[in-house]
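J.:
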Amino acid sequence: MITVLIVEDEPQLLRALQINLRTHGYHPVTANDGTSALTAATEYRPDLVVLDLGLPDMDGVQVITTLRTWSQVPIIVLSARHGPEDKVEALDAGADDYVTKPFGLEELLARLRAAERRSVPAPETPVVTTKDFRLDVAVRKAERDGEQVRLTPTEWKIIELLVRNPGQLVGQQKLLLEVWGPAYAREAQYLRVYLNQLRRKLEPDPTRPRYFITESGMGYRFEP
Ligand code: CA
């Protein structure tokens, strides 16, 4: 589901947008000023932002500038200002599109769809640092006590699935399907072998795993 952060200080318009976006299959989250917009953006990591430029506590352009220091989320600006310089200022700050108030819902929905198509989700590329080892998943580099550890492509696939869900159980089936493919869905012993291998390479005491935990009969969990 696509999460849309709606930032608007007019309660009626905010409510109308929230209801309409929900009707059209979006997951709307809302903020009514710039400060709460920035907090909500960090908290919900929206896929799209609809931002009113005239906010009570700060200029919408400032919200765009701040967001752009860490996020590439598509931003569609709503504004009652009609001058081309306002448009230019918002676009220069990093907005992706601009809708002038009053606008029709169909127009906004079309802009949202266009923004969705353009946005390329940046894959999360976690770097995991523990007391005992460091894993850079993006470049597939593993270090233990300052020394490089060689992991096989299969081991990396398993690690990726586990570290992207820290503290959470990743089911045996999911691991088998995603690492080896559907033909191997029942080969739980593969996992046992590979997990033991990983533990020997990374765990301080492979017989008593501290990081790569077995949830008996269910799957595995990475405990950072
Ligand atoms: Ca406003």
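Plus 629 on top of the position in the sequence shown (first one is 1) and you've got the numbering used here.
Just so you know, even glycine gets a beta-carbon here, dropped at the ideal spot from N, CA and C.
From what residue to what residue does the beta strand (DSSP E) around residue 651 run?
T.: Walking along the sequence shown from the start, residue 651 turns up at place 22. Careful: residue 651 lies outside any beta strand (DSSP E), inside the alpha helix (DSSP H) at 640-652.
J.: Residue 812: buried (16+ other C-beta within 10 angstroms of its C-beta) or exposed?
T.: Start at 1 with the first residue of the sequence shown, and residue 812 comes out as number 183. Counting Cβ neighbours within 10 Å, residue 812 comes out exposed, since fewer than 16 surround it.
J.: Could you tell me which residues DSSP pairs with residue 657 in its beta bridges?
T.: Locating residue 657 in the sequence shown gives position 28, counting from the first residue. In the DSSP output, where bridge partners are listed per residue, residue 657 has 633.
J.: How is residue 815 classed by DSSP in three states: helix, strand or coil?
T.: Counted from its first residue, the sequence shown places residue 815 at position 186. Correct three-state label for residue 815: coil.
J.: Ordered along the chain, which non-local residues of its own chain (more than five positions away) have a Cβ less than 7 Å from that of residue 632?
T.: Within the sequence shown, residue 632 is the residue found at index 3, counting from 1. 656, 658, 673, 675 and 676, listed in sequence order.
J.: Using a Cβ-Cβ cutoff of less than 7 Å, which residues in the same chain neighbour residue 798 once the five nearest sequence positions on both sides are dropped?
T.: For the purposes of this step, residue 798 is taken as residue 169 along the sequence shown, with counting starting at 1. So the qualifying residues of the chain are 844, 847, 848 and 850.
J.: If you draw a straight line from the C-alpha of residue 815 to the C-alpha of residue 853, how long is it?
T.: Position 186 of the sequence shown, counted from the start, is the residue given in the question as residue 815. Position 224 of the sequence shown, counted from the start, is the residue given in the question as residue 853. The alpha-carbon atoms of residue 815 and residue 853 are separated by roughly 28 Å.
J.: Taking 8 Å as the cut-off, decide whether the C-beta atoms of residue 804 and residue 787 are in contact.
T.: Here the question's residue 804 lines up with position 175 in the sequence shown. Here the question's residue 787 lines up with position 158 in the sequence shown. Cβ distance < 8 Å, so residue 804 and residue 787 count as in contact.
J.: How big is the Cα-Cα spacing for residue 827 and residue 781?
T.: Along the sequence shown, read from residue 1 onward, the residue named residue 827 stands at position 198. Along the sequence shown, read from residue 1 onward, the residue named residue 781 stands at position 152. Cα to Cα, the separation comes out at about 10 Å.
J.: List the DSSP bridge partners of residue 771.
T.: Stepping through the sequence shown from its first residue, residue 771 is reached at position 142. Partner(s): 764 and 778.
J.: Between residue 697 and residue 722, how many whole angstroms is the CB-CB distance? I'm expecting something under 8 Å.
T.: Indexing the sequence shown from 1 puts residue 697 at position 68. Indexing the sequence shown from 1 puts residue 722 at position 93. So it is a contact: roughly 7 Å between Cβ atoms.
J.: Based on Cα-Cα distance, which residue from 748, 686, 792 and 642 lies nearest to residue 764?
T.: Taking the sequence shown and counting its residues from 1, one reaches residue 764 at position 135. Measuring from the Cα of residue 764, the nearest candidate turns out to be 792.
J.: Taking only runs of the beta strand (DSSP E) that begin and end inside the region 658-741, which ones reach a length of at least 3 residues, in chain order?
T.: Listed in chain order, they are 677-681, 704-708 and 726-729.
J.: With DSSP as the reference, label residue 828 as helix, strand or coil.
T.: Against the sequence shown, residue 828 aligns to sequence position 199. Helix, per DSSP.
J.: Short check: CB of residue 740 to CB of residue 726, under 8 Å?
T.: Here residue 740 refers to the residue found at position 111 of the sequence shown. Here residue 726 refers to the residue found at position 97 of the sequence shown. Going by C-beta atoms, residue 740 is nearer than 8 Å to residue 726.
J.: Does any heavy atom of ligand 1 sit closer than 7 Å to the C-beta of residue 681?
T.: In the sequence shown, the residue the question calls residue 681 occupies position 52. Result yes, Cβ under 7 Å from ligand 1.
J.: According to DSSP, which residues form a beta bridge with residue 787?
T.: For the purposes of this step, residue 787 is identified with residue 158 of the sequence shown, where counting begins at 1. Looking at the DSSP assignment, residue 787 forms no beta bridge with any residue, so it has no partner.
J.: Determine the burial state of residue 776: buried for a count of at least 16 other Cβ atoms within 10 Å of its Cβ, exposed for fewer.
T.: As a first step, residue 776 must be located in the sequence shown, where it is residue number 147. By the 10 Å Cβ count, residue 776 comes out exposed.
J.: Under 8 Å by Cβ, that's how I've got residue 820 and residue 801 pegged, so tell me the actual separation to the nearest angstrom.
T.: As a first step, residue 820 must be located in the sequence shown, where it is residue number 191. As a first step, residue 801 must be located in the sequence shown, where it is residue number 172. About 6 Å; that satisfies the 8 Å criterion.
J.: Does the beta-carbon of residue 735 have 16 or more other beta-carbons within 10 angstroms, so that it is buried, or is it exposed?
T.: Within the sequence shown, numbered from 1, the residue matching residue 735 stands at position 106. It counts as exposed.
J.: At a cut-off of 7 Å, would you count residue 718 as near ligand 1, judging by its Cβ distance to the nearest heavy atom?
T.: The count along the sequence shown starts at 1 and reaches residue 718 at position 89. Incorrect: residue 718 has no Cβ contact closer than 7 Å to ligand 1.
J.: Within 7 Å: the Cβ of residue 721 and any heavy atom of ligand 1?
T.: Mapped onto the sequence shown, residue 721 falls at position 92. Because no heavy atom of ligand 1 lies under 7 Å away, the Cβ of residue 721 does not count as near it: no.
J.: Please list the terminal residues of the continuous alpha helix (DSSP H) segment that includes residue 807.
T.: On the sequence shown, position 178 is the one that residue 807 refers to. Its alpha helix (DSSP H) spans residues 801-808.
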